[in-house]
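Protein chains in written order, with full-length UniProt numbering: chain A, 1 to 470; chain B, 1 to 470.
Glycine is no exception: its CB is placed at the ideal position from the N, C-alpha and C atoms.
A short worksheet on the structure shown next.
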Ligand SMILES: [Mn+2]
Ligand SMILES: [Mn+2]
């Protein structure tokens, strides 16, 4: 299943990285298999995205090392022997694998330790990236013969910044892959909207969506949210029966064979049509979505687009009588966070939240534009000015969370702006989100993937056709 | 999705464990979420099977501690706060969760460390199980304030033996769950046999099988093997196109909602019928399978049934002219390992290879019956005498591995028994395996799950019906 870009892609990427780092050693530890319920029963292998970006090889247990000054690039790994061939079939040699990504030097994995210790001995700087898997941290700790805590000193801000600067601007070959991933993701949502019927369980629809990703030789890019309780933001429970009157919020995407992500959300009625009040709230979210998309272009800070989306949400809620007063002032006071507790979007690429392991301070913000830490704003993963080549999601939503409403109402919090009496009529209205994926172009933005039903009319037509014309 | 047995089941299990251990502290660390490509993008949560067996709760980040002498049982964990409710919805309290499994004492997770350190200070023995996830090892290391390597001293053979003695004899409530998992697994194979057509890719059929598990609110119990190269034993590549003349070997099973496993293998022709030589080899495997199943009963050592299956395989290959001489003598010399390199079966339960993390020496063997370490025999996971209540797989196979054949042939290895000239005619015949799941009863064995097509005729009928009567 291993697929690769042309080897020049990887050579060029490493060339740029070396120039940015200038000297020392770059250590990129590939991922190993991740045990499920015992060592040899592992989850589907997922290579580290930065390793994949610079070294391409989608195989567990490899290490990539670049000696910047000496301009030596090497892959460390274990060669297959006859016993391996019996169990796993004929394998290319490490040399053959490395050659596919433009690397001529390979070494046995066990030599990583001596190489790194010698570098430390010679006071050569070692640059590595933050750890998110405990086993990799343990491996590096044993190579360096150093307690776990001290290993973190080799996490390098210059390396993080260089990697972010490169990976955040997508190359043409990457955009083609994200387009494919987003199209598979759109097919997943079409399958859900066509398949869902009153009386089904949420997991049956989630299964249908995952099948579409798997049948396209892909997988899920993140655990599917598929729920009648859309107001619960990170909801991975799929045990409810869906009934007329409910809406289903489906947030799901595919990772394609090249490991690029799609990330789409749609909210649709279990019935063929929305109720009047569901339609009203839906259109508030849609108006906010469209305003945000229209604002996407290079140079605009995404935090300002987030703010615009919040203003549009409150304008819509004002029309429904839930909000009163000046909506600009209301956003200043963070009134919107009662309904929209999270961020408008995030970077997307090899990771669905692209480079999240490298830190939001670098991926989503800059030294000049810092992440705010109040409720709501602290969940905005992306704030910095956009550049052509960025790929991101736009995903406004309205979430009626009874516990949060009760907590605010008890204090009459921001009561000048919020009509708590009218809000009670929407208390059990759940959550609605609309999410698509965009490429920032020199002049604006382009939708990635095939277009997917989004207006009330488009969604109702699809639901109706599936029910009565199948 | 959390489902539980009656709380008395867990109370009783812990009662038996406490009696077996007698004194000291039993520490069972539940699993945490396992990161895929960054911390918050995790694989589907899989609880540790022993934690699930004794403490039932299917939630990440819990710890179960039993103070045997004081007869105190406690669950350590983190309570949800309002912020958690916003993201994950309303959650029961730890107290409510623990009560469902008959435990009244709960404590904040951060108190585990002090409790364990105090136990060490008072020289109270701590018993824990082998680690298979690096993060759990790191957690225990930090609780004990002890370097990673020293943590292993708390892995307790008495605890391992007590857990194996309990978990290897399945309770009625467990057998009912394994029956369900095996039936879902059988449906997966029916789906594959009905769906597969010449020109499809392997991953399309694997996706169809996984869908059946997901749509039943389950998941895969292990990564699916679905391949036209059945001779490659651990083959997780799904990128080939299947064509007439190929056979597809599918080794796949479901884990049901209660986390019990099924594990079935079938080998079927891409065409509607097997070729004559495929049918011949298939029937050799089937005869071996049936002989092994007929021999299952309490008191018989599984290593002897493995040996019986090997004799039957060689008898069949002798009829095909591949083997000559006395087949009993040939098995003594391990001639069968050229064709059958692995074991006849393994224990199955909450894990597909049940309790594999506890060690084959305890799960599959006894102090009196030790695992052999020659090629072939060393891959037999189960050798010990069977008892009523054991659940296991029977899975003989014949695998023509060109590299292995060449390696033996070059030395004319066991040339008195092997007709290498005749073997060349089967060089590219691939691999065939048949696998079902059985419960050992007081008088013999019972098939678990709904019966699945197994004879040449049954399989050909299913393939034909799917192709021409759909
Ligand atoms: Mn998103
Ligand atoms: Mn098996």
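Helix, strand or coil at residue i [DSSP, three-state]
| i | result |
| --- | --- |
| residue 197 (chain A) | coil |
| residue 322 (chain B) | coil |
| residue 5 (chain B) | coil |
| residue 36 (chain B) | strand |
| residue 65 (chain A) | strand |
| residue 415 (chain B) | coil |
| residue 357 (chain A) | helix |
| residue 127 (chain B) | strand |
| residue 158 (chain A) | helix |
| residue 42 (chain A) | strand |
| residue 312 (chain A) | helix |
| residue 453 (chain A) | coil |
| residue 13 (chain B) | helix |
| residue 368 (chain A) | coil |
| residue 362 (chain B) | helix |
| residue 244 (chain B) | coil |
Bridge partners - residue i, DSSP secondary structure assignment
| i | result |
| --- | --- |
| residue 251 (chain B) | B:225, B:265 |
| residue 398 (chain B) | B:432 |
| residue 391 (chain A) | A:439 |
| residue 186 (chain B) | The partner list for residue 186 (chain B) (beta bridge, DSSP) is empty, contrary to what the question assumes. |
| residue 347 (chain A) | A:392 |
| residue 219 (chain A) | A:255 |
Through-space distance from residue j to residue i, alpha-carbon basis
| i | j | result |
| --- | --- | --- |
| residue 243 (chain B) | residue 217 (chain A) | 18 Å |
| residue 17 (chain B) | residue 167 (chain B) | 10 Å |
| residue 212 (chain B) | residue 265 (chain A) | 24 Å |
| residue 355 (chain B) | residue 301 (chain B) | 19 Å |
| residue 392 (chain B) | residue 66 (chain A) | 49 Å |
| residue 102 (chain B) | residue 61 (chain B) | 19 Å |
| residue 195 (chain B) | residue 306 (chain A) | 47 Å |
| residue 83 (chain A) | residue 233 (chain B) | 11 Å |
| residue 396 (chain A) | residue 280 (chain A) | 15 Å |
| residue 422 (chain A) | residue 374 (chain A) | 26 Å |
| residue 444 (chain A) | residue 298 (chain A) | 7 Å |
| residue 256 (chain B) | residue 250 (chain B) | 19 Å |
| residue 267 (chain B) | residue 358 (chain A) | 46 Å |
| residue 434 (chain A) | residue 454 (chain A) | 8 Å |
| residue 127 (chain A) | residue 336 (chain A) | 42 Å |
| residue 221 (chain B) | residue 43 (chain A) | 10 Å |
Residue span of the beta strand (DSSP E) that contains residue i, given as start and end
| i | result |
| --- | --- |
| residue 71 (chain B) | Per DSSP, residue 71 (chain B) belongs to no beta strand (DSSP E) and is neither H nor E. |
| residue 28 (chain B) | 25-29 |
| residue 107 (chain B) | 105-108 |
heavy atom of ligand 3 below 7 Å from residue i C-beta
| i | result |
| --- | --- |
| residue 395 (chain B) | With respect to ligand 3, the structure shown offers nothing to examine, as its ligands consist of ligand 1 and ligand 2. |
Start-to-end residues for the alpha helix (DSSP H) that takes in residue i
| i | result |
| --- | --- |
| residue 473 (chain B) | Because chain B is modelled from 1 through 470, residue 473 (chain B) falls outside the range shown and cannot be assessed. |
| residue 118 (chain B) | 112-121 |
| residue 260 (chain A) | Careful: residue 260 (chain A) lies outside any alpha helix (DSSP H) and carries neither H nor E. |
| residue 462 (chain B) | 456-468 |
| residue 53 (chain B) | 49-55 |
| residue 83 (chain B) | 82-88 |
| residue 205 (chain A) | 202-215 |
| residue 424 (chain A) | Here residue 424 (chain A) belongs to no alpha helix (DSSP H), and DSSP marks it neither H nor E. |
| residue 286 (chain A) | 276-295 |
| residue 135 (chain A) | 134-144 |
| residue 301 (chain A) | Neither: residue 301 (chain A) is in no alpha helix (DSSP H) and is coded neither H nor E. |
| residue 148 (chain B) | 148-151 |
| residue 94 (chain B) | 94-99 |
TODO: Closer than 9 Å, Cβ to Cβ, to anything on chain B: give me those residues from the region 350-377 of chain A, in chain order.
DONE: 350, 351, 352, 353, 355, 356, 357, 358, 375
- [ ] Could you name the residues of the region 118-140 of chain A whose beta carbon sits closer than 7 Å to any beta carbon of chain B, in the order they occur along the chain?
- [x] When C-beta distances to chain B are compared with 7 Å, the residues of the region 118-140 of chain A below that value are 132, 133, 134, 135, 138, in chain order.
- [ ] Could you name the residues of the region 159-174 of chain B whose beta carbon sits closer than 9 Å to any beta carbon of chain A, in the order they occur along the chain?
- [x] none
TODO: Output, in sequence order along the chain, the residues in the region 396-410 of chain B whose CB is closer than 8 Å to any CB in chain A.
DONE: 401, 403, 404, 407
Task: Interface residues of the region 179-213 of chain B facing chain A [CB-CB below 9 Å] - done: Taking 9 Å as the Cβ-Cβ cut-off against chain A, the residues of the region 179-213 of chain B that qualify are 201, 203, 204, 206, 207, 208, 210, 211, 212, 213.
- [ ] Output, in sequence order along the chain, the residues in the region 304-337 of chain B whose CB is closer than 7 Å to any CB in chain A.
- [x] none
Task: Under 7 Å (Cβ pairs) to chain B, residues found in the region 243-256 of chain A - done: Listed by position along the chain: nothing, the set is empty.
Task: Where the region 34-47 of chain B meets chain A: residues whose CB sits under 9 Å from a CB there - done: 34, 35, 36, 37, 38, 39, 40, 41, 42, 43, 44, 45, 46, 47
Task: Interface positions of the region 63-88 of chain A facing chain B (Cβ-Cβ less than 7 Å), listed along the chain - done: 82, 85, 86, 87, 88
- [ ] Report the residues of the region 221-235 of chain B with a CB closer than 7 Å to any CB of chain A, ordered along the chain.
- [x] 222, 223, 229, 232, 233, 234, 235
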